[in-house]
Every structure is written in C-alpha cells, then in structure tokens.
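Structure, as structure tokens:
There are 2 protein chains.
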Amino acid sequence: MAVKILIADDEEDILQFLSYNLKKEGYEVITATNGADALKLAKKENPDLIVLDIMMPVMDGMETCKELRELPETKDKLIVFLTARSEDYSQIAGFENGADDYITKPIKPKLFISRIKALLRRAQTTETNTIIEFGNIKIDKEKHQVIKNGEVLELPKKEFMLLELLASKPGKVFSREIILEKVWGEDVIVGERTIDVHIRKIREKIGEDYIKTVKGLGYKLEY
Amino acid sequence: MAVKILIADDEEDILQFLSYNLKKEGYEVITATNGADALKLAKKENPDLIVLDIMMPVMDGMETCKELRELPETKDKLIVFLTARSEDYSQIAGFENGADDYITKPIKPKLFISRIKALLRRAQTTETNTIIEFGNIKIDKEKHQVIKNGEVLELPKKEFMLLELLASKPGKVFSREIILEKVWGEDVIVGERTIDVHIRKIREKIGEDYIKTVKGLGYKLEY
DNA sequence: TCTTTACATTAAAATAACCTGAATTTCATA
DNA sequence: TATGAAATTCAGGTTATTTTAATGTAAAGA
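Read top to bottom, the protein sequences are chains A and B. Those letters in the first sequence? Residues 1 to 223, by this note's numbering. Those letters in the second sequence? Residues 1 to 223, by this note's numbering.
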C-alpha cells in the first residue's frame, strides 16, 4: 500500500511542484489550499504524513497543526512545516507537540524528498523480528541470508523476498495474486510464470522439499 | 587531552565572562559571535560541548542547533542553550533533537560550571568503545586509524566513516539510503555513485574480501 | 482417449545494478 | 591563495538479476 501524503499550501505552484516530486517517488499525494480543507481531508483520507505551509488563508499552518494534534485520529500523524527563510524560528518552535520537522523555502526537491523519507523511516517502529526459523532453515532479514544446516545461502532480492513471504506464515497457501502484490508491488505488471521461475530458483537452493505447489491455489512452505 | 568547549554569543561581555570561568576550570575554550560562525567552528574544531545563545544575529541558537543535529560530525555533540529569563521555556522546547540543557541568564558562574560538568560527566559514562575489530582488521575511532595485520592505514574522513558504519554491525546489509543518511547526513545530497567510489577506495586499502555487495540492497561487511 | 488446464522447465532477452577510470570540483592546510 | 588530497560526478562497460517466451509435462474433465 502506497504511502499517502497530504500537502496544504495556498500557492498552486508549490502544490504542483511538491506533488510532482513526491509522486515521482511513488507516494500518493492529496492536496488542500488552506488549513480548514487540510483538516477535513486529514480526517477523511488518513494520510501518513502532512505537509503544512505556515502562511495560509482561512486557517494557517500553526493553527491547523494545533487542531490536528487535538483530534484523536490525527494526533500522532507526522507533520512538516514549510516556512519562509525569513520567518522567525522562535515563532514556530513555540508549541508543545509541534511539527516533526521544518523545511524552509525555497525548497530544493532532493532535500525535500530526503527529509520526508527520513521522517517516514524513523516513524516505522514496526520493525519486526529479523530472524525467521522453520525446520532446519533460518532466514536472517538483516543480514539478508538464508542458512540451511549452517550452510549460508545468499539469495538475490526477489528470491529472498518471495521466500520471506512464504516463511512468514508456514503452511499457509499464498495465491499468485497475493504473491505478486506483496513481492512485486501492486502496480508492477509481470507475467505469472515469473513466479514459477523464482520458485524454481529457490527450490534449487534450499532443497526441493520445502516449497509445495498447491494446484489451482498457489504455493506454501512446509517442513 | 583537555575538554574543548565552544561558546557562541553575540555579547562580548558574556563571551569573556564564560570563557574566563571555563578556562579557570581547565577547559579549552573557543568562541564565536554568531550561529553561522559557530557551525563552522564546530565542524573544524570538534568541541566536546557547545554553548549557544538563543538570540544571535546571522543565525540564531535554535537554527544553529538544528543544523548541528543534522551534520553527522556534530549530531551527537552536547548542546546547551542560553536563554533570557523572560523567554518562555515552552518556546524552545519544540524541537525533536533539541538541546541537552538550558541555562537562563543572568548566569551565575558556579551554577553554570556545575551544569557543564554534570553534562560532561553524564556523556562520558556512555562513551562507546573506540575500537572495533573484525578478522585481521582493527578500527580505532579515536586515533582515526585502520590497522590491518599490524600495518597502519590512514583512511580519509568519508572512507573512514563509511567503513566504521559497516563495521558497526558486521553482516548487516546497509542500504545506500541509510549509508547516505548516516555518513553524509540527511540533507547532504550527493549522487549514489559516490558511495560506490568510496567503497572501492576502501576495498583497495583493506582488501577486496571484506565488503560485500548485495545487489539491489546495499553493502555489508563480512569476514 | 482426447482435450484442457495449470504448472514446470529452459534458454535467451531485457533490465537494473554496479564497477571503473578519468575528469572535475571541493576542501583543508600550509 | 596556492597546493595537493579528498570528494564527487560522469559515462561507458560489465555483470547479476529479472523477465519473457517457447515448449514440456502431468492431472482432471469431457
């Protein structure tokens, strides 16, 4: 599922500029031209991150931020302020539970993107256990290694992801559809035979007995 | 080696007053009269602790603090804010990686010194091991040296930092994204090929077999 | 049995990721 | 501010990975 970002700015130029750059990175973008709209959209669309211009008509960025922090459904959202370089920092550093980051205009695309990415990454606390075990196979996500009876196997990216998926719930049958979505991504279009080929490669490496074909349904991992 | 403290304040009186008191305690003191200079000095002189006045021309204390927190070489430094008593505490509390302590003016020498001491003491106890070893390679952070079979290799800054990062968790795959963030800093935008080139330089020096490329993911250190 | 369906296999094509060396720019230091 | 070292960029080359496409096989249904 794509990461959703809400941008609120009254200047169309900036809105388009930021949208373009974020979309290019694969983010889903929604926009508002003032704080009040941003608030409504935030409640409705549940974005992962919100970019607020400080200066906006109807409701400015700070007021919007304050309101967002008060609503239960948006209070923990990541919020980034856009500020003119000239604006006094102390003015916006003022509140408790303020923004998670401040970006000054003029905005440089690469810098903007890297800040956004850094924030989203830091927020990701769902770092799950990095080691999965089943039978005599051990999968170490961090080291990107599969160990079979002490023997280290280095699988390339896609193979690793596919095995990781199957191993995330041993015994469960994963349909080709699900596999494509999880390993390749929702909007990546590849033929179904591609999966077969990867399964073959994995079987060659970890042994033929682990991954079982369930005709008409998909694949599962058993031990 | 004496503890080095950087003070940034636009008022000469205060600068002298604090310098005097710190020097009397045996600290080495360097000074700046605005945030921009402080930033430059911090990078160059590598002080152990930085005292920043909130109100300064060119770049104020908060802005300086933010920038310091973004540079890899200064991000973990101890930072103390000087604030006028009138200034509201909550005004400056907004930042994520804020200061380590706040001291209000007017400054009482004894109190000031004891706070500084306390901070330094706290920081010292958490000082990490300065030597990392793996295989026949030894990395001495303090001496900024890499020793391979007794032979001393002097790596330049970036190469050293990169190797240090990889060595901080041998086996773990570090993505280019993470490498850029940790070694170059979030906001420093350099091309991805830059990493490759540094990796090659390191390999040329420590040998080809330690750093492993994991295609599509990044690099890891193995031995 | 013949046909259909679903998956397997293989080699080759396409792509993405990385390496390399040279040129250029930046930086620290005298 | 001149100098050499370090850092960065760039473009062409190389390799590993991914994907396709053509063909094979086995099992289920007509």
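Positions of the beta carbon are idealized from the N, C-alpha and C atoms, including for glycine.
Reduced DSSP secondary structure (H/G/I, E/B, other) of residue i
i                      : result
residue 154 of chain A : coil
residue 188 of chain A : coil
residue 91 of chain A  : Caution applies to residue 91 of chain A, whose pLDDT of 48 falls short of 50 and renders its modelled position unreliable; the model cannot decide the point.
residue 61 of chain A  : helix
residue 2 of chain B   : coil
residue 71 of chain B  : coil
residue 164 of chain A : helix
residue 172 of chain B : coil
residue 142 of chain A : coil
residue 77 of chain B  : coil
Cutoff 7 Å; reference residue i; Cβ partners in own chain excluding five residues on either side
i                      : result
residue 142 of chain B : 130
residue 285 of chain A : Residue 285 of chain A is absent from the structure shown; chain A starts at 1 and stops at 223.
residue 144 of chain A : 160
residue 26 of chain A  : 2
residue 208 of chain B : none
residue 90 of chain A  : With a pLDDT of 44 at residue 90 of chain A, under the threshold of 50, the modelled position of this residue cannot be trusted; read the value that follows with caution. Nothing meets the Cβ criterion.
residue 23 of chain A  : 29
residue 249 of chain A : No statement about residue 249 of chain A is possible, as the shown extent of chain A runs from 1 to 223 and does not include it.
residue 17 of chain B  : none
residue 174 of chain B : 165, 166, 218, 219 and 220
residue 154 of chain A : 145
residue 172 of chain A : 220
6 Å CB neighbourhood of residue i in its chain, flanking five on each side removed
i                      : result
residue 147 of chain B : 138
residue 32 of chain B  : 8, 38 and 41
residue 36 of chain B  : 58 and 59
residue 74 of chain B  : 42 and 68
residue 72 of chain B  : 185
residue 127 of chain A : With a pLDDT of 48 at residue 127 of chain A, under the threshold of 50, the modelled position of this residue cannot be trusted; read the value that follows with caution. Around residue 127 of chain A: no qualifying Cβ.
residue 195 of chain A : 176 and 179
Delimiting residues of the beta strand (DSSP E) encompassing residue i
i                      : result
residue 102 of chain B : 101-105
residue 133 of chain A : 131-134
residue 181 of chain B : Looking at the DSSP string, residue 181 of chain B is not in any beta strand (DSSP E), and its letter there is neither H nor E.
residue 148 of chain A : 145-148
residue 54 of chain A  : It is not in any beta strand (DSSP E) - residue 54 of chain A carries neither H nor E in the DSSP assignment.
Residue j beta carbon less than 9 Å from that of residue i
i                      : j                      : result
residue 49 of chain B  : residue 4 of chain B   : yes
residue 117 of chain B : residue 14 of chain B  : no
residue 78 of chain B  : residue 120 of chain B : yes
residue 135 of chain A : residue 219 of chain A : no
residue 80 of chain B  : residue 60 of chain B  : no
residue 205 of chain B : residue 133 of chain B : no
residue 53 of chain A  : residue 11 of chain A  : yes
residue 215 of chain B : residue 221 of chain B : no
residue 70 of chain B  : residue 187 of chain B : yes
residue 21 of chain B  : residue 113 of chain B : yes
residue 162 of chain B : residue 202 of chain B : yes
residue 55 of chain A  : residue 84 of chain A  : yes
residue 223 of chain B : residue 170 of chain B : yes
residue 44 of chain B  : residue 102 of chain A : no
Host alpha helix (DSSP H) of residue i (start-end)
i                      : result
residue 217 of chain B : Unbroken run through residue 217 of chain B: none, as it is neither H nor E.
residue 13 of chain B  : 12-24
residue 202 of chain A : 193-206
residue 39 of chain A  : 35-45
residue 113 of chain A : 109-123
Neighbourhood of residue i by C-beta distance below 8 Å, restricted to the same chain and skipping five residues each side
i                      : result
residue 168 of chain A : 132
residue 19 of chain B  : 7, 29 and 31
Identify each residue in the segment 147-181 of chain A for which the Cβ-Cβ distance to at least one residue of chain B is less than 7 Å, and report them in chain order. Within the segment 147-181 of chain A, the residues whose Cβ lies closer than 7 Å to some Cβ of chain B are 156 and 157, listed in chain order.
Residues in the segment 187-219 of chain B with C-beta within 8 Å of chain A's C-beta atoms, listed in sequence order? Contacts with chain A (Cβ-Cβ distance below 8 Å) from the segment 187-219 of chain B involve 187, 189, 214, 215, 216 and 217, listed in chain order.
Going along the chain, which residues of the segment 35-50 of chain A sit with their C-beta nearer than 8 Å to a C-beta in chain B? Within the segment 35-50 of chain A, no residue has its Cβ closer than 8 Å to any Cβ of chain B.
Residues of the segment 68-81 of chain A in Cβ contact with chain B at a cutoff of 8 Å, in chain order, please. Taken residue by residue, none of the segment 68-81 of chain A has a beta-carbon sitting less than 8 Å from a beta-carbon on chain B.
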